């Protein structure tokens, strides 16, 4: 029997101002993702703070993957518990605010990580990435309240697109003003942490001004710990009712493992395997941001017409093509030069590959978030997005640790093919998802409340 709950159904759109405020959190937090994890600090940590210790950066890459994996493991252990409390107490905004402030504080402290300060760097990356990742789940839990199920793809895509535009501004300024991630430029580039923190701090203000807390708090007098354990235990039992959501989360575990590998190692790959110049690296950053925004927005509208499941699988197929192209870039460059008697460089061919990766990145993340929103009853949205966060970050642990270990054995270039296998497995698992059945299950739950 379905349990009663006083949550409200949201059959219509929220106000434009509220949707914009929600999307501004994506705009703001991209400063952390890009500057700290993808573009600048990841490269600074591996090449300068740890450095090449005669092993081709393999130890540095492993430590970087270890820090990220540990932070994701912490999310796995706590995200569903926090989601349960947020739903019961109607405190999504409060939990979001705590994660936001924690991310800002720990990111700003990265200024103090100098060459050789490996342990301090690892600790701050673990803490900041944990706080940021929890915030991802918390902000996503608001999505089902912003519009009807058949519009969530468009709304989610708008958020991701605005996020990549925010990343373009944040990282563009950093690359132009702070310069490259090298030992010679360390005194300037070390400010990347405080800048990312400040950008996040200011740009997310509209979120807290305009987002509404629609949940109805349940009676107090019960501890957070008891609420969390009881509700998560009951949700695990109830997941048999939400079969399509459960199957999709398993698919998401594999697909996001591949995505997190690319986020964490794409620019490291460019520096270590492709050997790109600083100017090409900056162009790649712009290309990825623009194409990711276009992919998120374009596939978001496409998703509302074709269906979330079909769109999600299309993005995974695009990922397979992108990863094979990344792996084959050096060999492809040699073949083109010999076949057509030209003198192309691998770093320039890699820019073309970056277009595919960018389209795949924005579209796949947006599609997966929207599909969870379609499958989530409103009164359990925070809890289900806690499980979405669990699947995402368990994927991060799984993927990044596997890549970190594999690259110590066979090198970074060959290891990247692991992503192809992960995306294909995700596609096969997702074939068992029935989108309409999953949507009907969520609506039936809401009507019984």
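Numbering (the working numbering), first residue to last: 1 to 449. Just so you know, even glycine gets a beta-carbon here, dropped at the ideal spot from N, CA and C. None of the values given here were measured: they were computed from a predicted structure.
Where residue i and residue j are concerned, what is the direct C-alpha to C-alpha distance, given to the nearest angstrom?
{"i": "residue 286", "j": "residue 299", "result": "20 Å"}
{"i": "residue 290", "j": "residue 80", "result": "33 Å"}
{"i": "residue 296", "j": "residue 136", "result": "16 Å"}
{"i": "residue 166", "j": "residue 31", "result": "7 Å"}
{"i": "residue 385", "j": "residue 393", "result": "12 Å"}
{"i": "residue 128", "j": "residue 67", "result": "10 Å"}
{"i": "residue 375", "j": "residue 303", "result": "15 Å"}
{"i": "residue 118", "j": "residue 250", "result": "34 Å"}
{"i": "residue 43", "j": "residue 52", "result": "12 Å"}
{"i": "residue 353", "j": "residue 24", "result": "29 Å"}
{"i": "residue 72", "j": "residue 337", "result": "42 Å"}
{"i": "residue 133", "j": "residue 75", "result": "7 Å"}
{"i": "residue 180", "j": "residue 40", "result": "8 Å"}
{"i": "residue 1", "j": "residue 444", "result": "Low per-residue confidence applies at residue 1: pLDDT is 32, beneath 50, and the placement is therefore not dependable enough to give any value."}
{"i": "residue 141", "j": "residue 55", "result": "43 Å"}
Which two residues bound the contiguous alpha helix (DSSP H) that contains residue i?
{"i": "residue 331", "result": "308–340"}
{"i": "residue 247", "result": "243–269"}
{"i": "residue 75", "result": "58–89"}
{"i": "residue 205", "result": "205–210"}
{"i": "residue 347", "result": "346–374"}
{"i": "residue 29", "result": "16–32"}
{"i": "residue 179", "result": "Segment: none, residue 179 is in no alpha helix (DSSP H) and carries neither H nor E."}
{"i": "residue 447", "result": "435–448"}
Relative to the alpha-carbon of residue i, which residue among the options has its alpha-carbon at the smallest distance?
{"i": "residue 114", "options": "189, 269 and 159", "result": "189"}
{"i": "residue 64", "options": "85, 169, 407 and 149", "result": "407"}
{"i": "residue 158", "options": "274, 138 and 16", "result": "16"}
{"i": "residue 192", "options": "126, 171, 56 and 404", "result": "171"}
{"i": "residue 369", "options": "330, 75 and 309", "result": "309"}
{"i": "residue 328", "options": "404, 424 and 416", "result": "416"}
{"i": "residue 405", "options": "101, 62 and 344", "result": "62"}
{"i": "residue 434", "options": "380, 424, 313 and 280", "result": "313"}
{"i": "residue 139", "options": "71, 59 and 204", "result": "204"}
{"i": "residue 278", "options": "324, 351, 339 and 82", "result": "351"}
{"i": "residue 123", "options": "14, 45 and 177", "result": "45"}
{"i": "residue 301", "options": "150, 19 and 323", "result": "150"}
{"i": "residue 427", "options": "364, 414 and 410", "result": "364"}
{"i": "residue 120", "options": "103, 49 and 104", "result": "49"}
{"i": "residue 270", "options": "305, 94, 422 and 347", "result": "347"}
Residues in its own chain within less than 6 Å of residue i by CB, not counting five upstream and five downstream?
{"i": "residue 242", "result": "441"}
{"i": "residue 373", "result": "143, 144 and 152"}
{"i": "residue 282", "result": "175"}
{"i": "residue 161", "result": "293, 296 and 297"}
Got a sec? Which residues, its chain only, sit under 8 Å from residue i by beta carbon, not counting five neighbours each side?
{"i": "residue 97", "result": "208"}
{"i": "residue 10", "result": "Confidence in residue 10 is poor, its pLDDT being 47 and thus under 50, which makes the residue's placement too unreliable to answer from."}
Would you verify that the beta carbon of residue i is, or is not, closer than 8 Å to some beta carbon of chain B?
{"i": "residue 193", "result": "Given the protein chain composition of this structure (a single chain), no chain B is represented."}
What I want to know is whether the C-beta of residue i ends up closer than 7 Å to one or more non-hydrogen atoms of the ligand HEM.
{"i": "residue 32", "result": "This structure lacks the ligand HEM, and indeed carries no ligand of any kind."}
In chain order, what residues of the same chain lie with their CB nearer than 7 Å to the CB of residue i, ignoring the 5 residues before and after it?
{"i": "residue 260", "result": "395, 396, 399 and 400"}
{"i": "residue 324", "result": "420"}
Uninterrupted beta strand (DSSP E) stretches inside the segment 92–170 (no shorter than 3 residues) = Counting only runs that start and end inside the segment 92–170, there is no beta strand (DSSP E) element of at least 3 residues.
Just list the alpha helix (DSSP H) runs in the segment 393–420, keeping only unbroken ones of 4 residues or longer that don't cross its boundaries, in chain order.
-> You should have 412–415.
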